[in-house]
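Engineer:
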């Protein structure tokens with residue numbers, strides 16, 4: 007089946023060439039000037055859409071500026087329809103429950119479980135259909151009303167197909183119960199006559215209503231015998247002359263053998279009873295019992311399975327598959343599943359009669375009656391506007407062990423291929439992408455690869471969203487994606503001058519180079535402002551400070567300030583000296599460290615020992631002697647003053663230490 011061409015509204019492909027660039031879930035299309043009449047300039051159409059746009063807005067051959075448009079073409083527009091959110095969210099829960107279900111259940115228990123799952127999916131479709139119908143009724147916008155009505159039709163067709171697949175494939179109904187299931191299917195989905203039934207039944211005298219016999223016929227065509235007999239009793243009461251005919255017809259309808267869902271009778275017994283009943287109907291018809299009532303005679307012919315009599319009621323049945331089920335009910339109630347294909351094809355031919363061609367829905371239902379599951383999935387993939395239906399139906403059929411042998415030529419099986427397509431569409435939505443993660447998780451072959459590719463493209467608009475994405479990656483040990491997300495968020499925070507957040511993200515990414523860069527920014531800010539920002543973060547770095555030397559220095563330098571603030575001067579002095587002698591402090595920061603030593607050198611109580619004072623002196627001389635801008639350093643009055651103050655403070659401290667240590671030794 008060929009896919010119909012998609013027209014982009016507003017894009018005039020006859021006047022301008024269109025250029026496009028593929029995205030993960032959408033296509034960017036823009037107009038170019040290539041191929042226009044009178045134009046000799048050629049352009050490369052294989053380039054990016056943005057480049058083509060630049061070319062097209064540059065101007066025309068006549069020098070007149072030209073406008074151009076960019077179109078975003080989404081392949082899965084349905085995920086943006088608000089009223090379908092229930093479909094995606096609730097079916098996700100059903101899908102996850104199915105994946106976690108007990109595979110050990112066998113036989114009838116497993117089949118019953120799968121049938122229930124199928125019914126759950128259908129109930130979600132029906133609930134969405136009702137919501138969409140309500141929205142169509144309540145809106146006053148004609149365009150919106152048309153959109154909602156279209157969606158109701160699509161959802162109705164989806165449930166119709168799913169229900170038939172449930173009967174034929176999931177439940178795999180056998181001869182006998184099969185017909186009962188098909189009757190329920192028709193009654194549920196052929197609703198065009200419901201308003202007529204309500205109109206007749208609500209009238210004062212139903213038997214005198216002009217549509218009375220149409221309603222009786224509808225009940226008979228759908229096998230609703232009790233309701234048909236109830237209506238006929240009203241006719242008998244209103245028309246005593248037809249009482250005898252009514253009793254005979256009522257008796258025939260009452261005695262009609264029907265299959266049973268229980269195993270109380272065999273198919274042979276049913277066929278035998280049905281044959282006797284059929285012969286009795288035939289006898290009454292041939293005797294002319296109903297000759298005086300064309301309506302009752304027509305009903306008797308329908309009971310006999312007369313195709314012409316049934317086809318006369320074509321307008322009441324509305325569809326060929328209703329005709330099929332009615333035909334089976336009155337001519338072959340014990341039809342076997344594999345015989346359906348022959349009856350289905352002939353019923354469609356008889357019903358359409360060459361007057362009209364089958365619609366796509368007809369072809370899908372025909373493929374189901376022919377037990378061509380793959381054809382059903384293929385046709386639905388082409389006809390339906392999103393991947394939801396085929397992805398979930400295929401997954402269910404796969405759990406029924408019906409698709410095990412069907413692998414696609416490019417490696418993945420059909421179930422996984424369709425789930426990947428559906429989940430990829432979800433990832434283009436700002437919130438539904440979270441559902442897509444679980445679908446990828448249950449694609450064993452390519453799911454992780456797809457998840458890695460798509461999760462990197464999620465816009466990290468807020469830290470909350472970034473943390474959510476990060477948690478997903480961490481749970482799945484996606485280390486490369488974790489690092490990538492953390493680096494992106496760290497860079498965003500740094501651009502916004504949020505150093506604490508940037509440092510936190512870089513530590514989480516285990517990015518030593520970036521952590522060093524941010525640590526330098528912290529130190530630079532300290533030099534300019536004289537205090538640290540984000541103290542809680544720096545105070546609680548813990549083992550994370552070992553990520554880089556500069557981060558270690560930042561953490562330890564902050565610890566020095568904390569010790570000093572707590573008046574634990576000896577510990578602060580030892581830590582300060584360690585920072586300088588261990589060479590983890592940047593050279594540009596040495597003067598700041600030595601300046602921090604001044605208050606400790608000036609304390610009443612001697613803090614630095616002689617050995618420690620000598621170390622400080624050596625560091626000061628190394629700083630002044632090893633500075634590449636020595637001349638500039640000497641010309642800077644402030645720096646020179648600092649050096650002189652430090653030398654004086656160190657000399658005084660050394661003198662005090664020598665006196666103190668000599669006094670201690672002398673005593």
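Residue numbers (my numbering): 7 to 673. Note that beta-carbon positions come from the ideal geometry of N, C-alpha and C, so glycine has one too. The structure presented is a predicted model; accordingly, all values stated were derived computationally and were not measured.
1. Starting from the C-beta of residue 618, find all residues in its chain whose C-beta is less than 6 Å away, skip the five residues before and the five after it, and write them out in chain order.
2. Please decide whether residue 366 counts as near chain B, where near means a Cβ-Cβ distance under 8 Å.
3. For the region 268 to 282 against the region 236 to 243, are there 3 or more C-beta pairs whose distance is under 8 Å?
4. Distance, Cα to Cα, residue 592 vs residue 510?
5. What are the uninterrupted segments assigned as beta strand (DSSP E) that are 3 or more residues long and contained completely in the region 273 to 327, given in chain order?
6. When you compare the region 125 to 139 with the region 148 to 159, are there three or more beta-carbon pairs, one atom per stretch, that lie closer than 8 Å?
7. To the nearest angstrom, report how far apart residue 478 and residue 350 are at their CA atoms.
8. According to DSSP, is residue 553 helix, strand or coil?
9. Looking only at DSSP bridge pairs, what is residue 27 linked to?
10. If you follow the alpha helix (DSSP H) that residue 522 is in, where does it begin and where does it stop?
11. Helix, strand or coil, according to DSSP, for residue 614 in the structure here?
12. In chain order, what residues of the same chain lie with their CB nearer than 8 Å to the CB of residue 651, ignoring the 5 residues before and after it?
13. Could you say which of 311, 579, 432, 208 lies nearest to residue 288 if we only look at CA atoms?
14. Thinking residue 86 and residue 435 are a contact (beta carbons under 8 Å), I'd like their distance in whole angstroms, please.
15. Let me know the alpha helix (DSSP H) ranges lying completely inside the region 374 to 414, each 4 residues or longer, listed in chain order.
16. Name, in chain order, the residues that DSSP records as bridge partners for residue 76.
17. How about residue 121 and residue 172: are their beta carbons less than 8 Å apart?
18. At what residues does the alpha helix (DSSP H) containing residue 22 begin and finish?
19. Any chance the CB of residue 181 is under 7 Å from a heavy atom of the ligand MN?
20. Measuring CB to CB, does residue 543 end up less than 8 Å from residue 563?
21. Could you check the C-alpha separation between residue 376 and residue 346 for me, to the nearest Å?
22. Just to confirm, are residue 220 and residue 194 a CB contact at a threshold of 8 Å?
23. Using 10 angstroms around the beta-carbon of residue 211, count the other beta-carbons present and answer buried if the total reaches 16, otherwise exposed.
24. Counting Cβ pairs closer than 8 Å, one from the region 519 to 532 and one from the region 555 to 569, do we hit at least three?
25. Do residue 326 and residue 367 have their CB atoms nearer than 8 Å?
26. Check for me: the alpha helix (DSSP H) holding residue 446 runs from which residue to which?
27. Does the contact criterion of 3 or more C-beta pairs under 8 Å hold for the region 651 to 668 versus the region 604 to 614?
28. Taking the C-alpha atoms as reference points, what is the distance between residue 166 and residue 191?
29. What residues in its chain sit with their C-beta under 8 Å from that of residue 685, if we drop five residues either side in the sequence?
30. Cα separation between residue 239 and residue 200?
31. Counting only runs that start and end within the region 459 to 518, where is the alpha helix (DSSP H) found for 4 or more residues in a row?
32. Any idea if residue 294 is buried or exposed, counting beta-carbon neighbours within 10 angstroms, 16 or more meaning buried?
33. Hey, quick one: how far does the alpha helix (DSSP H) through residue 171 stretch, first residue to last?
34. Within the same chain, show all residues whose beta-carbon is closer than 8 Å to that of residue 17, passing over the 5 residues directly before and after it, in chain order.
35. Go ahead and label residue 382 buried or exposed: buried means 16 or more other beta carbons lie within 10 angstroms of its beta carbon, across all protein chains shown.
36. Could you spell out where the alpha helix (DSSP H) holding residue 98 opens and where it closes?
Structural biologist: According to the structure shown:
1. 583
2. The structure shown contains no chain B, having only a single protein chain.
3. no
4. Answer to the nearest angstrom: the Cα atoms are 22 Å apart.
5. none
6. yes
7. 49 Å
8. Helix, per DSSP.
9. 34
10. Start and end: 518 to 535.
11. DSSP places residue 614 in the coil class of the three-state scheme, outside both helix and strand.
12. 604
13. The closest CA to that of residue 288, considering only 311, 579, 432, 208, is found on 311.
14. Correct: roughly 7 Å between the Cβ atoms.
15. 379 to 389, 394 to 405
16. DSSP lists 36 as partners of residue 76.
17. yes
18. Counting along the chain, residue 22 falls outside any alpha helix (DSSP H), and DSSP gives it neither H nor E.
19. Looking for the ligand MN in the displayed structure turns up nothing, as the structure carries no ligands at all.
20. no
21. 7 Å
22. no
23. Exposed, because fewer than 16 other Cβ atoms sit within 10 Å of the Cβ of residue 211.
24. yes
25. no
26. 439 to 447
27. yes
28. 8 Å
29. Since the first residue shown for the chain is 7 and the last is 673, residue 685 is missing from the structure and cannot be characterised.
30. 21 Å
31. 469 to 481, 485 to 501, 505 to 515
32. exposed
33. 148 to 171
34. So the qualifying residues of the chain are 24, 35, 37, 75, 77.
35. Its Cβ being crowded by 16 or more others within 10 Å, residue 382 is buried.
36. 91 to 106
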